[in-house]
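The listed protein sequences correspond, in order, to chains A and B. As numbered in my numbering, residues 1 to 342 make up the first sequence, in order. As numbered in my numbering, residues 1001 to 1623 make up the second sequence, in order.
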Amino acid sequence: MNVETPTAKLTPNDYASDQELRWCPGCGDYAIIKGVHKALADLQLPLEKTVFISGIGCAARFPYYMATYGFHTIHGRAPAIATGTKLANPELDIWVVMGDGDCLSIGGNHTLHAIRRNVDLQLLMFNNEIYGLTKGQYSPTSKVGTRSPSTPQGSIDSPVNACVFALGAGARFVARTVDTNLKHLPEVLKAAHAHKGASFVEILQNCIVYNDGVFNDVTDKAVAADRQIMVEHGKPLVFGKDGKKGLRLKPGLFELEVVTIGENGVTEKDILVHDQKNKILATMLASMEDAPFPVAMGVLYCNPAEISYEAAVWKQNAEIAAKAGEVDLNKMLRRGNTWTAT
Amino acid sequence: MATKLAESERSEPRRRSLDSVVIRFAGDSGDGMQLTGTQFTQITALMGNDIATFPDFPAEIRAPAGTTFGVSAFQINFASYDIMTPGDAPDVLVAMNPAALKVHLKDVPKGGTVVCNAGAFNERNLQKAGYKANPLEDNTLSDYRVIAVDMSKLTLKAVEPLGLNQRDGLRCKNVWALGLMLWMYGRDREPAVKWIRGRFTKEPKIAEANIAALNAGHAYGETAELSGSMAAFEVPKAKSVPGVYRAVTGTEAIAWGLVVGAKKAGLKLFLGSYPITPASALLHTLANLKPYGVTTFQAEDEISAVCSAIGASYAGQLGITSSSGPGVALKTEALGLAFATELPLIVVNNQRGGPSTGLPTKTEQSDLYQAVFGRNADTPLPVVATCTAGDCFYTAIEAVRLAVKYMTPVILLTDGYLANAAEPWLIPNVDDIPDFPVKFRTDPEGFHPYLRDEKTLARNWAIPGTPGLMHRIGGIEKDYDTGHISYEADNHHRMTKVRAEKVANIANDIPLQTVAHGAERGKLAVVGWGSTFGAINQAVRRSREKGLDVSHIHIRHIFPLPKNLGQMLKGYDKVLVPEMNNGQLVTLLRATYLVNAESMTQISGQPYKVSDLEEAIRTRVEK
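Set out below in structure tokens:
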């Protein structure tokens, strides 16, 4: 095998394939792929060791636009295929790209198990709360009342909160970011990459054709400061234009409340400090959806396990192999009772 | 122990020599009949007899005790000559309770021997089995030679010095029965003792109790009680090709064949599997072969099982998934992906009775349509089928060879009967099996992922991690010349054709069809596939001995079929296709060759009886 030592530093563009992007003009995916290119370039990840694996959907075209290895598979199954690939070669750096239907509907079971096994994968879920590629049906993350071709009178079933689902499945890394926040998104991806184990990242992504503006009440510049809280480990959970709003535990209760520093006797000391190893806090942060609560962005939870799944499998296999010593197929066939006919 | 055995040898009764014997052990599913049968098999194989076995157990793990639907049975045929089936009818039925007698007596020919545990024939058990009167006391068994012994009581007496409670003591009664049968057919006890000690290493008291029960059963036969009218027997060794042998089940042979195949290809083996009866045993077997470069992954479902295997193949291992018909149905979409991305993959289908849940513990060969046709779009896959427990080894290696040489998923069909059946197996020397090493692409010059080998049409295999060969594959149609996404009409036509041609060309790389027994022309060809091999072969042999003009053709390569098969079938006046399904291979043959093949079906969850096949042959040839 001819090993090439990269001499020049890889730029974000070096991670883009020669294929023309074919998402709808204005799709949030354009911003996301830009953020991904930047994160990979920041980390200088070797192209040949990086693999993007996707299912089916708009988001799933992602691998074709990357200059790395890529596998565009079938609807919902990307985490399962990625699990096999990672088990077969743990040295590969695997990114799984999924849409909300892909990840939480048809592939919900695989997402659950990839997470609870803690396979060292970056699981990126592009959440646009709609089925785009099939022309606009409501998805498992659509808000109640979503009108779509399949729910002309409005959807009835409750949506799933992706980050809460991931935490419930036992994720050791859960983060959330927004497609167009190109300062934040690469940093979140880099944190996900740094975490050894299953890293779940929800990326709020605008579908300009079928669900345009669905996140406006959270992402619009005019409201973003009040409707998003950028969480950081060890920093107080404050938000708002002037940074005076904060989260604290409601006195005497086990629930969050939004308070303003300087009002009603609230001081900075009352504000909770983010602890990314605190799963209960992470779950409360992940659960915040409606105003006056902000939507939590950043690394909500990061509490690495001692060993990731594929590493544990290889370790166990190696231990068994070491115990068995040198093996011989002819001996394998002759283990146990044999007899000789003459 | 040694002294005791020596004594028993001294008091060896005169034994009547028999060519072959069929014994059926039957009892409650909690009575340990499978273990008893397996032990008798191991010992008999070690003594040099040819053997064939048929375990037959209910779907319930522990059906209510004493009921007819909870009866579990194990049949063994052993002989001094080459045998091919577990036997049509038992010469001896060991019935551990009334329900076992009720279910199985009808299969015992008149004059056969029935050994009953009289201790279990109490009012409650008789009622549960649906007997109004005790069959041991009325004339139900008047046409049989009956040995009715209170095994329960004698077992308890034997284990008494060990101070076991009644429940644990009674659990040794199957071993008591084993001891009796070992005496009756002059088998060694030593291997059974060794096995018991191995099994209960952590419970020495239980081990000693079982050994005491085994010895007591044996001694019961030896002491006067059974001599006289019930003479003891012997079955001399079978003549076999010289070499080292072992007893092997189809599951073991497939596992070993896959491991050896992967080694021959120079790949590590990855099994993604989800528990399903009767396929789980392959997962269990491979899970114990990790030192041989094996990784096993119990997936969250059938889809993940196949997908993880595809992911492993993508990364450069040999991906394997195993299941049974319903599970394979769930894998179907992923098989299309593996076919479209042209990755090697082995799908082991351990067929069982269907449709749906059907008869999960019974055997059937009704997934041929599924294997050959059961996918959306034009998705032909090579299909190979195993025919005996030992053959599973070689067919598994062949499946691996085809998968890696042609970069395609391969379906390996076996069935519940073969998976569990044991037979003596001449152990091959692995070094005599040719290597077929995989060469991964490493040269970036002129590379694209769908570049094909001119001869095999297989695409080149470049795995992630290889510098300079970064590329994307997927289920979307790709351009023939560049491998990029393509929706071009002509290109799709061309790609569909080349994928089909690649698989069809395998016909040039497999052995020509031969006649398993008989002549290449004649009045009747009986064409079979899969586990009916033994029964058909024996029926054809017997028919030919009687002067009937009949031949046996056994098909291993179901798709593509051997290229001379069509011509060969034309050499017979009639073609009969017996199958344990409602007529599937027969459709394939008729459709492929326009041959007037006649279907013969048996869909009872039981293997064919040789006598039924003989009768079918007779009526077709004599007409």
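The C-beta atom is built at its ideal place from N, Cα and C for all residues, glycine as well. Here the structure is a predicted model, which means the values were calculated and not measured.
Secondary structure of residue i, DSSP reduced to three states
i	result
residue 1572/B	strand
residue 1144/B	coil
residue 1308/B	helix
residue 1551/B	strand
residue 1245/B	strand
residue 1471/B	coil
residue 18/A	coil
residue 1339/B	helix
residue 1484/B	coil
residue 1276/B	coil
residue 1292/B	helix
residue 44/A	coil
residue 27/A	coil
residue 1415/B	strand
residue 1429/B	coil
residue 1061/B	coil
Residues near residue i by beta carbon distance below 7 Å, same chain, minus five either side
i	result
residue 1486/B	1477, 1478, 1479
residue 137/A	131, 148, 149, 150
residue 1153/B	1119
residue 25/A	none
residue 1398/B	1384
residue 10/A	41, 44
Spatial neighbours of residue i in its chain, beta-carbon cut-off 6 Å, leaving aside the 5 residues before and after
i	result
residue 1063/B	1029, 1069, 1070
residue 1568/B	1513
residue 1276/B	1323, 1324, 1327
residue 39/A	186, 189, 190
residue 1359/B	1353, 1605
residue 1031/B	1096, 1174
Closer than 7 Å to chain A by CB, residue i
i	result
residue 1290/B	yes
residue 1244/B	yes
residue 1518/B	no
residue 1046/B	yes
residue 1260/B	yes
residue 1005/B	Annotation note: pLDDT 41 at residue 1005/B (below 50); position unreliable, coordinate value reported separately. Chain A contact via Cβ: absent.
residue 1298/B	no
residue 1022/B	no
residue 1039/B	no
Which residues DSSP lists as bridging residue i, in chain order
i	result
residue 1075/B	1024/B, 1054/B
residue 245/A	239/A, 260/A
residue 207/A	Answer by DSSP bridge pairing: none, since residue 207/A is not bridged.
residue 91/A	For residue 91/A, which the question treats as bridged, DSSP gives no partner whatsoever.
residue 986/B	The first residue shown for chain B is 1001 and the last is 1623, placing residue 986/B beyond what the model contains.
Neighbourhood of residue i by C-beta, 8 Å cutoff - its chain only, sequence neighbours within 5 removed
i	result
residue 114/A	79, 80, 82, 83, 96, 121, 123, 198
residue 1002/B	Any reading at residue 1002/B must be qualified, since the residue scores a pLDDT of 37, below 50, and its modelled position is unreliable; the value itself is stated next. Cβ neighbours of residue 1002/B beyond the five flanking positions: none.
residue 34/A	12, 182
residue 951/B	With chain B covering 1001 to 1623 only, the question about residue 951/B has no answer from this structure.
Minimum Cβ-Cβ distance from residue i to chain B less than 7 Å
i	result
residue 146/A	no
residue 71/A	yes
residue 13/A	no
residue 341/A	yes
residue 49/A	yes
residue 321/A	yes
residue 327/A	yes
residue 110/A	yes
residue 134/A	no
residue 236/A	no
* Asked: Can you find at least 3 beta carbon pairs, one from the region 1598-1614 of chain B and one from the region 1518-1537 of chain B, that sit closer than 8 Å?
  -> yes
* Per the contact definition of three or more C-beta pairs closer than 8 Å, is the region 1548-1555 of chain B in contact with the region 1612-1622 of chain B? -> Taking 8 Å as the limit for Cβ pairs, the verdict is that the region 1548-1555 of chain B does touch the region 1612-1622 of chain B.
* Inter-stretch contact at 8 Å, needing at least 3 Cβ pairs: the region 1361-1369 of chain B / the region 1286-1303 of chain B -> In short, these stretches do not touch, since the Cβ pair count stays below three.
* To do: Decide if the region 1365-1383 of chain B is in contact with the region 1404-1413 of chain B; the criterion is three or more beta carbon pairs, one per stretch, under 8 Å apart.
  => yes
* Determine contact between the region 1235-1252 of chain B and the region 1189-1200 of chain B, defined as no fewer than three beta-carbon pairs at a distance below 8 Å. => no
* Asked: Do three or more CB pairs link the region 1017-1034 of chain B to the region 1086-1099 of chain B at distances below 8 Å?
  -> yes
* Decide if the region 1326-1340 of chain B is in contact with the region 1391-1400 of chain B; the criterion is three or more beta carbon pairs, one per stretch, under 8 Å apart. => no
* At a cut of 8 Å, does the region 1498-1516 of chain B reach the region 1557-1564 of chain B through at least three beta carbon pairs? -> yes
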